[in-house]
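Numbering (our numbering), first residue to last: 1097 to 1533. Below you'll find the structure, written out as structure tokens, and then a few comments.
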């Protein structure tokens, strides 16, 4: 099986190489980390302490590990914790979020790369965050005597259908998993349907809830409010994790609402860093004064201003704090098809009046729970986004009630990190004893 997978991966890599080279030349992506990715040159771990290797594919998965790793460092100071990721932005955020931990690019799923990376890291447990089922990596870890777990597991309807078609070749990988800690009962049933033994699947909840900041007066949000020049009287509309086309919808809604509510402020946070310059130029072309987070000096004095500036957050890793500024929050990746939405729980945790579009397949259960509790509003298109924003500004009591319902739901979910740590404890102790024997 490893050799067959190697052939498939090589064919895909060769087929994609023109596009990868183009992206590397044009945007600088995919240039770094090739020795780690292709040859498994992960950092060499020294010593024989228990080690948990967390693999988180990108920024979202890295950030959700904050509560788990913070508590794990407190409870198990004698353990080594390492974090790998796949994307440049994911690695940058991991290094900034966990400066005291070893962070590195995960190997591509070639047998030689995964075997070498595992040999260098020597994990006691390999913890795959959410759904990172790489067969050669799992096989290499098991061959080295490590336990393998999926933590904060999720399996959408679409992913489940896709994996079912590959159930035959994926069967050995699924059966090698020692534990699957999932967010919901529905996800648990899907993993069992794919062939994971039921006794290895446990519902632990989503650690995203435990890691969510719920206090608007947290230091990061207060610093942002001060540095962005927001006044106490300002009402703030945040459009976060926006994709191509969604900035236009947010700006149109803001302009229509600002005609009735002149104190309204707009903060835009594009999802992808490579779009920062494009969005900034587009906003200026639209006639807006733009304050860029990367350049606080761009903020003009507001004395006598008839129109406040639009703020562009063109930095990585600050969106979670930015949501704490929002009275009304639009969650991007949801207005146009093909994206599946972004995480709406961060603004919900702050009690913002949450809006999102119709395309939220990535967070279907979260959306259902919020809508059932009156904790969010779904809009069909750009016109409805404008209407919803104006409604919330015209009726702040109803908007606040929606935000309070969302925040109450988030607070009721806390505890997933603790249950996840119990699963890791259960795997580390016997695995470490076996290794030391």
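No residue lacks a Cβ here, since even glycine has one placed at the ideal position from N, Cα and C.
| Item | Value |
| --- | --- |
| In three-state terms, what does DSSP make of residue 1327? | coil |
| Considering only residues of the same chain and omitting the five flanking positions on each side of residue 1317, which have a CB-CB separation below 7 Å? | 1417, 1420, 1421 |
| According to DSSP, simplified to helix, strand and coil, what is residue 1532? | Residue confidence for residue 1532 is low, a pLDDT of 48 falling below 50, so the modelled location carries little weight and cannot support an answer. |
| On a CA-only basis, which of 1238, 1226, 1208 is nearest residue 1219? Give me that one, please. | 1238 |
| List the whole-angstrom C-beta distance separating residue 1472 from residue 1497, where the pair is believed to meet the contact cut-off of C-beta under 8 Å. | That pair is no contact at about 12 Å. |
| My output table needs one value for residue 1243: the three-state DSSP class, helix, strand or coil. | strand |
| Exposed or buried, residue 1231, counting other C-beta atoms within 10 Å across all chains shown (16 or more means buried)? | buried |
| Rounded to whole angstroms, what's the CA-CA distance from residue 1214 to residue 1235? Just pull it up for me. | 10 Å |
| With distance defined between alpha-carbon atoms, name the residue in 1153, 1329, 1293, 1194 nearest to residue 1271. | 1293 |
| Would you tell me roughly how many angstroms separate the C-alpha atoms of residue 1205 and residue 1298, rounded to the nearest one? | 27 Å |
| Just to confirm, are residue 1337 and residue 1375 a CB contact at a threshold of 9 Å? | no |
| Any idea which residues DSSP pairs residue 1176 with across the strands? | 1147 |
| Keeping to the same chain, check which residues put their C-beta closer than 7 Å to that of residue 1226; ignore five residues upstream and five downstream. | 1157, 1248, 1249, 1250 |
| Suppose contacts are defined by Cβ-Cβ distances below 9 Å. Is residue 1359 in contact with residue 1315 by that definition? | no |
| Within 10 angstroms of the Cβ of residue 1295, are there 16 or more other Cβ atoms? Answer buried if so, exposed if not. | exposed |
| Quick check: what's the CA-CA separation for residue 1356 versus residue 1465? | 32 Å |
| Measure from the alpha carbon of residue 1458 to the alpha carbon of each residue in 1253, 1285, 1329, 1210, then state which is nearest. | 1253 |
| Taking just the CA atoms, how far does residue 1212 sit from residue 1350? | 53 Å |
| Since residue 1151 and residue 1202 are thought to touch, with beta carbons under 8 Å apart, how far apart are those beta carbons, to the nearest angstrom? | 5 Å |
| Beta-carbon separation of residue 1287 and residue 1426 under 9 Å? | no |
| Near residue 1470, what residues of its chain come up, given a Cβ to Cβ distance below 7 Å and the 5 sequence neighbours on each side ignored? | 1498, 1501 |
| Whole angstroms is fine: what's the gap from residue 1354's alpha carbon to residue 1475's? | 19 Å |
| Opposite residue 1364 in the DSSP bridges: which residues? | 1335, 1408 |
| When DSSP labels each residue in this structure, what does residue 1262 get in the three-state scheme? | coil |
| Write down the C-beta distance between residue 1388 and residue 1408 rounded to the nearest angstrom, noting that I regard them as a contact closer than 8 Å. | 5 Å |
| What are the residues that DSSP puts in a beta bridge with residue 1181? | 1201 |
| Give a yes or no on whether the C-beta atoms belonging to residue 1168 and residue 1189 are separated by under 9 Å. | no |
| At what residues does the alpha helix (DSSP H) containing residue 1350 begin and finish? | 1342–1354 |
| Which one of 1278, 1245, 1142, 1241 has the shortest CA to CA distance from residue 1216? | 1142 |
| I need the straight-line Cα distance from residue 1512 to residue 1385, nearest angstrom please. | 43 Å |
| According to the Cβ coordinates, are residue 1291 and residue 1257 closer than 9 Å? | no |
| Starting from residue 1161, follow its DSSP beta bridges and name the residues at the other end. | Beta-bridge pairing links residue 1161 to no other residue. |
| Starting from residue 1479 and walking both ways along the alpha helix (DSSP H), at which residues does that stretch end? | 1478–1490 |
| Could you give the distance in angstroms between the alpha-carbon of residue 1313 and the alpha-carbon of residue 1320? | 11 Å |
| Spatial neighbours of residue 1519 within its chain, please: CB distance less than 8 Å, with the 5 preceding and 5 following residues excluded, ordered by chain position. | 1245, 1247, 1275, 1277, 1298, 1300 |
| CA-CA distance, residue 1533 and residue 1154? | Low confidence applies to residue 1533: its pLDDT is 46, below 50, so where it sits in the model is not reliable enough to give any reading. |
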